[in-house]
Each structure stands twice: as C-alpha cells, then as structure tokens.
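Q: Protein chains in written order, with our numbering: chain A, 1 to 141; chain B, 1001 to 1141; chain C, 2001 to 2141; chain D, 3001 to 3141.
I have a structure here, written as structure tokens, and I will follow up with some questions on it.
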C-alpha cells in the first residue's frame, strides 16, 4: 500500500484550533499525485501525453481532528478501475488514530475535454491502473 | 430555498484554468453559515452559547467546471435533522448549468468536545432545525 | 477613492483565532480586480486583449487583527503609474480601526512573457492608468 | 544558512499556470517555523511557554515564476534582532534561478496580547536570537 506523509502547516488550521476540513481534499491530491508518480505516471507525464484527469467526485469522513505540526500518514490506493472511471481511496492516520477516510473519483479526457478511451489510446496507462486496481485490494476503508 | 452567491476569485483557480475542486468545500461553508444566519443562528450566536458544530463528512459531485469571475448561485437547505446529526445539501449553478452538487454532515458538541443533547439543552435551536428540515423539503439533489 | 468589501470567512482564520496573514494578499487581489473593473478594465478584457499583468512585489503591514465575520473595508487606489510599472495601494479597515496597509507592484507582458509598451500598443489602458494615478492622489498610506 | 524545501502543489497554482503569488507568504511561514525548530525553538515550545509571535509585516519580490512540482529551495535567516523586533529574510530558488526574495517582521506578545520583554522574561530565547542575528550575517538578499 502506498504511503504519503503530510505535516500540517500553521496556515492549514482554523480558529477552532484544528486543521480546516477543506484542506484534507488538498492532502488527497498530494497523496494521489504521489501514488501516480510511484507507479510510473507522474502528473507531468500525463500532461505531456495530453491526458487530463479531472476530479469527478470527492468524499471525506472526518474521524479525529488533527492540528498544526501533526504528521499525517496517508495510505492511498487504486480502489477501482475497469477502464473508464478511476476510484482512489485514502486513509489518513496520526499517531495510529484515524483522522480522515476519503474517496475520490476521476475520469480521463483529452485537451478538448473529450473522454479518452484509455485501453485503445493509452494501453500502458490502462494496464498499469488495471493491475493496481487488483493488487491494491487490501481494504483500507 | 436559501440562496447564496460566490464570485470565483482568481486565486481560487488552478493551472487547469478552472476553480480548484477543493474550494467548493469552502463555498459550502460560506453558504451554510449564511443559511444558519438567515434562520436566526449566526455562527457567533452558536459560539457564544458554547455550541460547536464540527463537520463530520462532506461529499461533492462536480458536474461542470467554473472559473475566475463566474458567479455561483448556491442553493442550500437543511436536508435532514432528527435531533443529533444535521445534514445539509447544496446545489451550485452558474448560468443555469449545474456546477457542483454537495452534502455535508454535522454534529453538535460543547467546548469540551462532548455531544450536546440539543432538544434538552438548546430547544430553540432544536425546534428551528426540525422545522427547517421539514420545510426545506424541495429536493435539490 | 475606490472601496471594496470582504467579509472574513471561517476558513480564512487560523488557530490563533485571527485571519491568517497570508489571506490579506488574496484580499488585495480581489480589491485590485474590482478597482480595474470599475475604471473600465475588468480582468477578462485585459486577458482578451492579450495583456497579462503579473505581480512583481507585495508588501503588507499588519496593524490590528481581524477575524471571522469581520467586514473589511478595503480602500484601493492607483498610487503610481508612469508607463511601465503600476503601483497600487490598499488600506483595510474594520470598524474604523486600520487592519492592514499594503502595496503591490505590477508590470504588463504579452502572452509570450515579453514586456508590453502600453503607450504605443494599448493607449486606452495607458491613458486610463495615467489619469487615475493623478486623480487618486489622496494619500491612503 | 538554514535551508528548507517546498515542492509546489497542484492546488497552489492558478490559471496563469504558475504558483499563485499569495502562496509564497505561506512558504515563508513553513521555512520560518522550520528555522526556529532548528535553533531549538519549535513553535509548540513557544506556545507552551506562552509566547505568541505575530507577523507584523511581510514583503515579497517575485523574480521568476515557479509552477506545479517545482522544488523550491528556501534559504532563511535571522536578519535582525536587537531585543524587540525579529526580522527574517528568505531567498527562494528553483534550479538555481531566484524565484522570490522576501522579508518578514515579528514581535513577541503574551496570551493577553501584551509585548513581552524577552531579555528579562525569556533570556534563553533572547540569547538564541541575538546569537543567530550575528551568525546568520551572510547577506542573502
């Protein structure tokens, strides 16, 4: 399972004294980009090949607050990919307490915004995601 | 149905040229606070009474991108309240196109982080939310 | 003198309980874009004409903290323009207390990043800025 | 000279395709907190001792744009401290190009917002800052 660390910055806290909940959506992006790089698809490779991968949906469930200087351990995995939609899952912990569980959903379009048929046009990426959707089968959520 | 406007700022866009998806979670907060104020519970009244209302979960489904200078019309309503959990729904449109559909879930705790029994301790707020959960029954999502 | 309002959002506060200082740089951008629109140069007109106006420098001096729900009144003016560099000044107050005094500096480049000679290429914008640099002579800082 | 790295996140870019200028003020905070930790004064030690260090002023001069995935090398030093005001300087480079030069200014107050006389009340911190103001004399700006 891929793991990514984010140390909470002061500017990411709010007047309740905790990490503002909107920031976890940003941490998800960091972890996802790190995961893609780790399986051979850094974001700039995607962009260079003309593949854009918009976020279609996000979902976060907040379990325990975190705050400034906390080191979040973010486990991230390809949860589902059958050719069109990519689903990613995230589990963020801090000192072994679950902080946030999350999911995101993505599609693939070209620079004109038209859906890409990955299997035909980018078989390398297709195979890579299919393979990880199977391998990363450890349930984290 | 309560309506709130947010004009997208330049700093809320990303290099894809569109509003970064994390910002919609912030627009939800703006709209929610505006809704609560409109029904007699501005956030500072909540805080003064010692009521803290943390976000337990958020969910966004992105339909059409928006970008700098777009004026988002955010319809927001109390979707469910039976005494403990408050569920809010949001529908953001721009020029009659749906941009984002979203939900959030909230609980109520005191300044020690202990759950508050609203019906007993804050009957005014309880009644107000119950009433709006019924009235705001127009389905927006 | 042009005036712009910003109501501080919850997500703009930090765990010190006040508006995080980095956000004032964003409020400056909001006020500046509003000023430019008010003198006939909304940002999308600039972009459509192929004029890009990067921020060369910013400077903020924080006087009094502000916090969630505070309504900031931002006075903004063209402080200097002699043809190349545009200097803008800002004075943010809340309930008649000065919150932040600020300056920003901008240049004008085309989409290849090359400096634009405004007087020749965009005399309308040139004249407009020259005129406002004189008129807006009320010292706000 | 203390050095801190920040890798630019996707959500830190704007529709111009570059790092939004407001974010450098946040990178300064990250680097400053890292510097203070490296000289024995992590932020939580300051807070535990009841020392609050608000930002009094910031100043950034932008030299070259940076963008997503760029690794910024941030050199940071105590530029001046004579007992009351702390001045910090920053030089951010990417691939040996200067991206941003910056300064910040800070004071020290207690939890009632009253100025602290560091030399009397916190001689350890006072000595540490005086020492670094002398040692870090390499001019970076």
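Using N, Cα and C, we set each Cβ at its ideal position, and we do this for glycine too.
What are the start and end residues of the alpha helix (DSSP H) that includes residue 3037 of chain D?
A: On the fourth chain, residue 3037 of chain D is found 37 positions in, with the first residue counted as 1. Counting along the chain, the alpha helix (DSSP H) containing residue 3037 of chain D begins and ends at 3023-3038.
Q: Closest to residue 3075 of chain D by C-alpha separation, out of D/3103, D/3051, D/3012, would be which residue?
A: As a working mapping, residue 3075 of chain D is identified with position 75 in the fourth chain. Ranking D/3103, D/3051, D/3012 by Cα distance to residue 3075 of chain D puts D/3103 first.
Q: Between which two residues does the alpha helix (DSSP H) carrying residue 3069 of chain D extend?
A: The sequence position of residue 3069 of chain D within the fourth chain is 69, counting from 1. Counting along the chain, residue 3069 of chain D falls outside any alpha helix (DSSP H), and DSSP gives it neither H nor E.
Q: With which residues is residue 3042 of chain D paired in a DSSP beta bridge?
A: Stepping through the fourth chain from its first residue, residue 3042 of chain D is reached at position 42. Bridge partners of residue 3042 of chain D: none, in fact.
Q: Can you give the beta carbon distance from residue 111 of chain A to residue 2013 of chain C, rounded, assuming they're within the 8 Å contact cut?
A: For the purposes of this step, residue 111 of chain A is taken as residue 111 along the first chain, with counting starting at 1. For the purposes of this step, residue 2013 of chain C is taken as residue 13 along the third chain, with counting starting at 1. No, residue 111 of chain A and residue 2013 of chain C are not in contact; Cβ-Cβ is about 38 Å, not under 8 Å.
Q: Considering residue 2101 of chain C, what are the terminal residues of the beta strand (DSSP E) in which it resides?
A: Working through the third chain from its first residue, we reach residue 2101 of chain C at position 101. Its beta strand (DSSP E) spans residues 2097-2106.
Q: Taking residue 2131 of chain C as the reference, which of C/2079, C/2023, C/2047, C/2025 has the closest Cα?
A: Within the third chain, the letter at position 131 stands for residue 2131 of chain C. Taking only the C-alpha atoms, the option nearest residue 2131 of chain C is C/2079.
Q: Go to residue 2006 of chain C, then tell me how far its beta strand (DSSP E) extends in each direction, as first and last residue.
A: Against the third chain, residue 2006 of chain C aligns to sequence position 6. Taken as a continuous stretch (DSSP letters only), the beta strand (DSSP E) holding residue 2006 of chain C covers 2002-2007.
Q: Would you mind stating whether residue 3071 of chain D and residue 3007 of chain D have Cβ atoms separated by less than 8 Å?
A: Within the fourth chain, residue 3071 of chain D is the residue found at index 71, counting from 1. Within the fourth chain, residue 3007 of chain D is the residue found at index 7, counting from 1. A contact, by the Cβ cut-off of 8 Å.
Q: Given this structure, state the Cα-to-Cα distance separating residue 1092 of chain B from residue 118 of chain A, to the nearest angstrom.
A: The residue labelled residue 1092 of chain B in the question sits at position 92 within the second chain. The residue labelled residue 118 of chain A in the question sits at position 118 within the first chain. C-alpha separation (whole angstroms): 31 Å.
Q: Got a sec: is the Cβ-Cβ distance from residue 1016 of chain B to anything in chain A below 8 Å?
A: To locate residue 1016 of chain B, count along the second chain from 1; it is residue 16. Judged by the 8 Å Cβ criterion, residue 1016 of chain B is in contact with chain A.
Q: Hey, out of A/77, A/46, A/98, whose CA is closest to residue 181 of chain A's CA?
A: In the structure displayed, chain A extends from 1 to 141; residue 181 of chain A sits before or after that span and is not available.
Q: Mapping DSSP to helix, strand and coil, what is residue 116 of chain A?
A: The count along the first chain starts at 1 and reaches residue 116 of chain A at position 116. Looking at residue 116 of chain A - three-state DSSP - the assignment turns out to be coil, as it is neither helix nor strand.
Q: Which bits of chain D does residue 31 of chain A rub up against, with CB to CB less than 7 Å?
A: The sequence position of residue 31 of chain A within the first chain is 31, counting from 1. Neighbours of residue 31 of chain A on chain D: none; closest Cβ ~11 Å, over 7 Å.
Q: Measure from the alpha carbon of residue 2099 of chain C to the alpha carbon of each residue in C/2002, C/2001, C/2024, then state which is nearest.
A: The residue you call residue 2099 of chain C lines up with position 99 of the third chain. Ranking the options by Cα distance to residue 2099 of chain C, first place goes to C/2024.
Q: Quick one, are the C-beta atoms of residue 2059 of chain C and residue 3059 of chain D less than 8 Å apart?
A: Along the third chain, read from residue 1 onward, the residue named residue 2059 of chain C stands at position 59. Along the fourth chain, read from residue 1 onward, the residue named residue 3059 of chain D stands at position 59. Yes, the Cβ-Cβ distance between residue 2059 of chain C and residue 3059 of chain D is below 8 Å.
Q: If we ignore side chains and look at the alpha-carbon of each, how far apart do residue 1089 of chain B and residue 107 of chain A end up?
A: For the purposes of this step, residue 1089 of chain B is taken as residue 89 along the second chain, with counting starting at 1. For the purposes of this step, residue 107 of chain A is taken as residue 107 along the first chain, with counting starting at 1. Their backbone Cα atoms lie some 24 Å apart in a straight line.
Q: Against residue 2020 of chain C, what residues of chain A qualify as contacts under a CB-to-CB distance less than 7 Å, listed in chain order?
A: Position 20 of the third chain, counted from the first residue, corresponds to residue 2020 of chain C. The contacting residues are 11.
Q: Under 7 Å Cβ-Cβ, which residues of chain B neighbour residue 2044 of chain C?
A: Counting from 1 along the third chain, the entry for residue 2044 of chain C is found at position 44. Residues of chain B passing the Cβ test: 1069.
Q: Go through its chain and collect everything with a Cβ distance to residue 3129 of chain D's Cβ below 7 Å, but skip five positions before and after it.
A: Position 129 of the fourth chain, counting from 1, holds the residue named residue 3129 of chain D. Taken in chain order, the residues that qualify are 3078, 3081, 3086.
Q: Closer than 8 Å, CB to CB, is residue 3026 of chain D near chain A or not?
A: Here residue 3026 of chain D refers to the residue found at position 26 of the fourth chain. Chain A, which has a Cβ nearer than 8 Å to the Cβ of residue 3026 of chain D, makes this yes.
Q: Return the first residue and the last residue of the beta strand (DSSP E) that residue 3090 of chain D is part of.
A: By 1-based counting over the fourth chain, the position of residue 3090 of chain D is 90. Per DSSP, residue 3090 of chain D belongs to the beta strand (DSSP E) from 3086-3094.
Q: Just the chain B side, please: which residues come within less than 7 Å of residue 57 of chain A by C-beta, in chain order?
A: As a first step, residue 57 of chain A is located in the first chain; it is residue number 57 there, counting from the start. Result: 1060, 1061, 1062.
Q: In terms of DSSP beta bridges, what is residue 55 of chain A paired with?
A: For the purposes of this step, residue 55 of chain A is taken as the residue at position 55 of the first chain. Residue 55 of chain A is bridged to A/106.
Q: For the alpha helix (DSSP H) that residue 1135 of chain B lies in, which residues bound it at each end?
A: Stepping through the second chain from its first residue, residue 1135 of chain B is reached at position 135. Residues 1123-1135.
Q: Give the secondary structure of residue 2047 of chain C by DSSP, where H, G and I count as helix, E and B as strand, and everything else as coil.
A: Locating residue 2047 of chain C in the third chain gives position 47, counting from the first residue. Three-state DSSP puts residue 2047 of chain C in a helix.
Q: Only counting the same chain, and skipping five residues up and downstream in sequence, which positions put a Cβ closer than 6 Å to that of residue 3126 of chain D?
A: If you number the fourth chain from 1, residue 3126 of chain D lands on position 126. So the list reads 3118, 3119, once near-sequence residues are dropped.
Q: I want to see whether chain B comes within less than 8 Å of residue 52 of chain A, judged by CB atoms only; does it?
A: Residue 52 of chain A sits at position 52 when you count from the first residue of the first chain. Yes - at least one Cβ of chain B is within 8 Å of the one on residue 52 of chain A.
Q: Give the C-beta separation of residue 1004 of chain B and residue 1029 of chain B to the nearest angstrom, bearing in mind that I take them to be a contact with Cβ-Cβ under 8 Å.
A: By one-based count along the second chain, residue 1004 of chain B stands at place 4. By one-based count along the second chain, residue 1029 of chain B stands at place 29. Not quite, the Cβ-Cβ distance comes to about 11 Å (not below 8 Å), so this is no contact.
Q: Give the straight-line distance between the Cα atoms of residue 1061 of chain B and residue 2124 of chain C, rounded to the nearest whole angstrom.
A: In the second chain, counting from the first residue as 1, residue 1061 of chain B sits at position 61. In the third chain, counting from the first residue as 1, residue 2124 of chain C sits at position 124. Answer to the nearest angstrom: the Cα atoms are 43 Å apart.
Q: Classify residue 2096 of chain C: buried if its beta carbon has 16 or more other beta carbons within 10 angstroms, exposed otherwise.
A: Taking the third chain and counting its residues from 1, the one referred to as residue 2096 of chain C is at position 96. Classification for residue 2096 of chain C: exposed.
Q: Under the DSSP definition of a beta bridge, which residues are partnered with residue 80 of chain A?
A: Position 80 of the first chain, counted from the first residue, corresponds to residue 80 of chain A. Looking at the DSSP assignment, residue 80 of chain A forms a beta bridge with A/87.
Q: In whole angstroms, what is the alpha-carbon distance linking residue 2122 of chain C and residue 2051 of chain C?
A: By one-based count along the third chain, residue 2122 of chain C stands at place 122. By one-based count along the third chain, residue 2051 of chain C stands at place 51. About 9 Å.
Q: Considering only residues of the same chain and omitting the five flanking positions on each side of residue 3033 of chain D, which have a CB-CB separation below 7 Å?
A: Against the fourth chain, residue 3033 of chain D aligns to sequence position 33. Closer than 7 Å at the Cβ level, and outside the excluded window around residue 3033 of chain D, lie 3043.
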